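Below is one structure, written out as structure tokens; the observations come after it.
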Amino acid sequence: MKKHTLTLLAGAFALVSCDKPAVGLDPLQTSSEKSPYDGSAVTTPSTTTAPPAADVALTPVKPTTPPPTAPGKTTIKPEMPKPLFVGTPLPTNYNPPNLENPAKTKPTLEVQVPEGVTLLSKGKPVTSSDTQPLGELSLITDGDKGGDDGYGVELLPMKQHIQIDLGESKEVHLLWLWHYHKQGVVYKDVIAQISDDVDFKTSTTVFNNDFDNSLGYGVGTDASWVETNHGRSMPVSGVKGRYVRFYSCGRSLDDTNQYIEAEVYGK
């Protein structure tokens with residue numbers, strides 16, 4: 349696995365900041381000091397003691413019974429990876445105002461879309477804002493959503509993105525995203541955009557939970573969520589484009605960004 353140098357990290361912080369670093373973490377701490385794939389995180393001394401995370405769901409929440417498929421629709425039901433923890437503790441160091449309560453939110457397992465919609469992103473090329481990510485970017489569209497070591501990609505801290513090239517302009521109806529889900533963490537400022545321009549000089553934002561406009565793409569109205577093996581579905585109303593881009597700006601555990609799998613459905 350490639351390691352980022354301190355020079356790269358320093359450059360990243362000089363260029364962009366989301367103004368919401370995780371509490372109690374050194375912004376110059378390197379990725380090698382806090383790998384997301386070993387289940388641990390480096391902490392620094394604090395003058396106050398945070399209350400223990402409350403386990404708000406001791407047993408998995410049962411998904412809702414889906415309605416029958418409507419005429420002219422088809423049902424997308426991705427294969428879900430195995431869960432890697434029981435219960436969903438709410439983070440004590442990052443509780444945005446738009447955070448879903450996992451004890452009260454039913455996981456989405458399937459979504460109805462227009463007939464003819466299929467998975468478009470399997471095996472498609474992926475690029476990222478980090479020119480030397482930890483892990484192969486091809487893992488993001490390989491179809492394997494497991495959360496164990498070696499299944500994901502880590503990008504530099506703070507504002508970063510991945511970008512999927514569908515090969516030609518398509519009508520997109522559904523996105524499904526899996527970040528690192530070995531622990532119950534919350535990713536900050538998740539934004540999804542679609543464009544026919546490789547540089548995204550013009551684009552359509554189809555998901556945005558950036559509640560304070562930290563990334564500069566507007567205040568989002570979508571919810572933040574605690575990561576699980578179910579990922580996050582993002583229905584889209586037939587927006588056309590060749591490229592799909594996902595942003596994030598660190599997570600509740602630290603300021604790094606991880607991606608396991610991203611799926612794009614359309615026709």
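Counting from 349, one number per residue, gives the positions in the sequence shown under this note's numbering.
For glycine and all other residues, C-beta sits at the position ideal for the given N, C-alpha and C.
Predicted model, so just to flag it, every value in this text is computed and none were measured.
Worksheet item: Do you know how far the Cα of residue 583 is from the Cα of residue 522?
Response: Here residue 522 refers to the residue found at position 174 when the sequence shown is read from its first residue. Here residue 583 refers to the residue found at position 235 when the sequence shown is read from its first residue. Here the C-alpha atom of residue 522 lies approximately 4 angstroms from the C-alpha atom of residue 583.
Item to complete: Would you check if the distance between the CB atom of residue 459 and the CB atom of residue 572 is smaller than 8 angstroms?
Response: Looking up residue 459 in the sequence shown gives position 111. Looking up residue 572 in the sequence shown gives position 224. In this structure, residue 572 does not lie closer than 8 angstroms to residue 459 by Cβ.
Discussion item. Tell me whether the segment 555-573 and the segment 483-500 touch, counting them as touching only if at least three CB pairs, one residue from each stretch, are closer than 8 angstroms.
Written reply: Counting Cβ pairs under 8 angstroms, fewer than three are found: no touch.
Worksheet item: On the premise that residue 493 lies in contact with residue 429, defined as a C-beta separation below 8 angstroms, what is that separation, rounded to the nearest angstrom?
Response: Position 81 of the sequence shown holds residue 429. Position 145 of the sequence shown holds residue 493. With a Cβ gap of about 4 angstroms, residue 429 and residue 493 count as contacting.
Worksheet item: At what residues does the beta strand (DSSP E) containing residue 589 begin and finish?
Response: Residue 589 sits at position 241 when you count from the first residue of the sequence shown. Where residue 589 is concerned, the enclosing beta strand (DSSP E) starts and stops at 580-597.
Worksheet item: Which whole-angstrom value describes the C-beta separation of residue 439 and residue 600, a residue pair presumed to lie in contact below a C-beta threshold of 8 angstroms?
Response: The residue given as residue 439 occupies position 91 in the sequence shown. The residue given as residue 600 occupies position 252 in the sequence shown. Here residue 439 really is in contact with residue 600; their C-beta atoms are around 4 angstroms apart, less than 8 angstroms.
Discussion item. Restricting to Cα atoms, I'd like to know which of 591, 504, 570, 593 is closest to residue 603.
Written reply: Counting from 1 along the sequence shown, the entry for residue 603 is found at position 255. Of 591, 504, 570, 593, the residue nearest in Cα terms is 504.
Fill in: Candidates 466, 435, 485, 453: closest to residue 421 by CA position
The count along the sequence shown starts at 1 and reaches residue 421 at position 73. Of 466, 435, 485, 453, the residue nearest in Cα terms is 466.
Worksheet item: Taking just the CA atoms, how far does residue 416 sit from residue 442?
Response: Indexing the sequence shown from 1 puts residue 442 at position 94. Indexing the sequence shown from 1 puts residue 416 at position 68. Each residue's CA atom was taken as its position, placing residue 442 and residue 416 some 38 angstroms apart.
Worksheet entry | CA-to-CA distance, residue 614 to residue 586, given in whole angstroms | Taking the sequence shown and counting its residues from 1, one reaches residue 586 at position 238. Taking the sequence shown and counting its residues from 1, one reaches residue 614 at position 266. Pairing residue 586 with residue 614, the inter-Cα distance amounts to about 8 angstroms.
Discussion item. Between which two residues does the beta strand (DSSP E) holding residue 511 run?
Written reply: The count along the sequence shown starts at 1 and reaches residue 511 at position 163. Unbroken beta strand (DSSP E) run through residue 511: 507-526.
Discussion item. Using 8 angstroms for Cβ pairs, my map puts residue 313 next to residue 508. What's the rounded Cβ distance?
Written reply: Nothing in the structure corresponds to residue 313, since the chain is present only between 349 and 615.
Worksheet entry | Distance between beta carbons of residue 457 and residue 425, contact taken as under 8 angstroms | Translated into positions along the sequence shown, residue 425 becomes position 77. Translated into positions along the sequence shown, residue 457 becomes position 109. That belief holds up - the Cβ atoms of residue 425 and residue 457 are roughly 6 angstroms apart, short of 8 angstroms.
Worksheet item: Excluding the five sequence neighbours on either side, which residues of its own chain have a C-beta within less than 6 angstroms of the C-beta of residue 596, listed in chain order?
Response: Within the sequence shown, the letter at position 248 stands for residue 596. Result list for residue 596: 535, 538, 605, in chain order.
Discussion item. With the cut-off set at 8 angstroms, would you say residue 556 and residue 547 are in Cβ contact?
Written reply: Residue 556 sits at position 208 when you count from the first residue of the sequence shown. Residue 547 sits at position 199 when you count from the first residue of the sequence shown. Contact check for residue 556 against residue 547 fails: the beta carbons are separated by 8 angstroms or more.
Worksheet item: In the structure shown, what three-state DSSP assignment does residue 488 receive?
Response: Residue numbering aside, residue 488 sits at position 140 when the sequence shown is read from its first letter. Residue 488 falls in the helix class under three-state DSSP.
Discussion item. Considering just the uninterrupted stretch of the beta strand (DSSP E) at residue 614, what are its terminal residues?
Written reply: Translated into the one-based positions of the sequence shown, residue 614 becomes position 266. According to the DSSP assignment, residue 614 belongs to the beta strand (DSSP E) that extends over 609-614.
Practice prompt. State the DSSP-derived secondary structure class of residue 421, mapped to helix, strand or coil.
Written response: As a first step, residue 421 must be located in the sequence shown, where it is residue number 73. DSSP places residue 421 in strand when its eight states are reduced to three.
Discussion item. For residue 528, tell me which candidate among 450, 550, 366, 433 has the shortest Cα-Cα distance.
Written reply: In the sequence shown, residue 528 corresponds to position 180, counting from 1. Looking at 450, 550, 366, 433, the one whose alpha-carbon comes closest to that of residue 528 is 433.
Discussion item. If you reduce the DSSP assignment to three classes, tell me which class residue 541 lands in.
Written reply: What you label residue 541 is simply residue 193 of the sequence shown in a count that begins at 1. Looking at residue 541 - three-state DSSP - the assignment turns out to be strand.
Discussion item. With DSSP as the reference, identify every bridge partner of residue 476, one or two as the case may be.
Written reply: Along the sequence shown, one-based indexing puts residue 476 at 128. Its beta-bridge partners are 510.
Fill in: Under 8 angstroms between C-beta atoms of residue 542 and residue 471
For the purposes of this step, residue 542 is identified with residue 194 of the sequence shown, where counting begins at 1. For the purposes of this step, residue 471 is identified with residue 123 of the sequence shown, where counting begins at 1. Taking 8 angstroms as the Cβ cut-off, residue 542 and residue 471 do not qualify as a contacting pair.
Worksheet item: residue 593 to residue 435, Cα distance in whole Å?
Response: The residue you call residue 593 lines up with position 245 of the sequence shown. The residue you call residue 435 lines up with position 87 of the sequence shown. Those two C-alpha atoms are separated by around 31 angstroms.
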